[in-house]
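In this note's numbering, the protein residues as written are 1064 to 1322.
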């Protein structure tokens, strides 16, 4: 049975709302996003946490953030490791393709796009240590901009993470399953990007109406734009009319039970 057919046997349709780039730099906007989602009935989310966001300071050195993160996990949210610093330095050897992906597409944030296995492992182990210092544990790793190179993925598996996601898939490393599930996501860096995002996500949300898993990926800057924020909350509310809000870890656990 294919992954998609297997998922269709699930009686419960699921919504996973994930908030990306969670750190002391974004805690105020993240808290606002969580409060607004809760008003829609979305009481569980996956929080993608950056241990040293743009090298401005480790999360373990911010006692207030560490306490807040533990609180959120205790409330039922999930903490996911999201890179180390969320930056990829420009490289002289970068060709046109790499420049397009790492500069135009991700604004220099594709940290795990082309890391060696050794470099990726070092960053992952540092991230795991930071999470431990904050009193939380991550079972999942999601690369910045969903850009996870082959060598970096080997490192993710080797250090013991159970799953990762990309923009169109959720990969369970414990059983090798790759679930097709495209994420809604918005680009807000320019007016034309916002307009395209609104139109595109309306179409994608419609196409995924019957999908077992609906993923909504939110970034803190989304909340600075009323039309984007409004669409996200509308789609969340509409989805929850027939779906249960879960974390990625919860959803993956359910799919394992259907093997």
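Don't be surprised by glycine CBs; every beta carbon is placed ideally from N, CA and C.
Residues near residue i in its chain [Cβ-Cβ closer than 6 Å; skip 5 each side]
i, result
"residue 1249", "1260, 1285 and 1291"
"residue 1264", "1247"
"residue 1319", "none"
"residue 1179", "1214"
"residue 1144", "1190, 1201 and 1204"
"residue 1230", "1209 and 1246"
For residue i, the first and last residue of its enclosing alpha helix (DSSP H)
i, result
"residue 1268", "1254-1270"
"residue 1302", "1289-1302"
Neighbour-count burial assignment, residue i, 16 or more Cβ in a 10 Å radius
i, result
"residue 1186", "buried"
"residue 1314", "buried"
"residue 1075", "exposed"
"residue 1241", "exposed"
"residue 1308", "buried"
"residue 1129", "buried"
Nonlocal neighbours in the same chain, by C-beta distance under 7 Å from residue i, ignoring five residues either side
i, result
"residue 1175", "1146, 1183, 1206, 1207, 1210, 1211, 1212 and 1215"
"residue 1236", "1220, 1224, 1225 and 1226"
"residue 1093", "1082, 1085 and 1283"
"residue 1090", "1128 and 1131"
"residue 1162", "Confidence at residue 1162 is low in this model, with a pLDDT of 47, below 50, so the placement of that residue should be treated as unreliable; the coordinate-derived value is given next. Cβ within range, chain order: n/a, list empty."
"residue 1079", "1109, 1276, 1278, 1309, 1310, 1311 and 1314"
"residue 1099", "1296"
Residue range of the beta strand (DSSP E) that includes residue i
i, result
"residue 1081", "1076-1085"
"residue 1246", "1246-1248"
"residue 1141", "1141-1144"
"residue 1130", "From DSSP, residue 1130 is part of no beta strand (DSSP E) but of the alpha helix (DSSP H) over 1126-1137."
"residue 1306", "1306-1308"
Proximal residues to residue i (C-beta, below 8 Å), its chain only, five neighbours per side dropped
i, result
"residue 1022", "Since the displayed the chain opens at 1064 and closes at 1322, residue 1022 lies outside it and no answer follows."
"residue 1305", "1076"
"residue 1118", "1148 and 1150"
"residue 1303", "1078, 1103, 1104 and 1105"
Could you pull out every unbroken beta strand (DSSP E) segment of at least 3 residues lying fully inside the stretch 1184-1235, listed in chain order?
-> Counting only runs of 3 or more, we get 1226-1228 and 1232-1235.
Validate contact between the stretch 1123-1140 and the stretch 1193-1201 using beta carbons, cut 8 Å, 3 pairs | Proximity of the stretch 1123-1140 to the stretch 1193-1201 meets the contact definition, three or more beta-carbon pairs being nearer than 8 Å.
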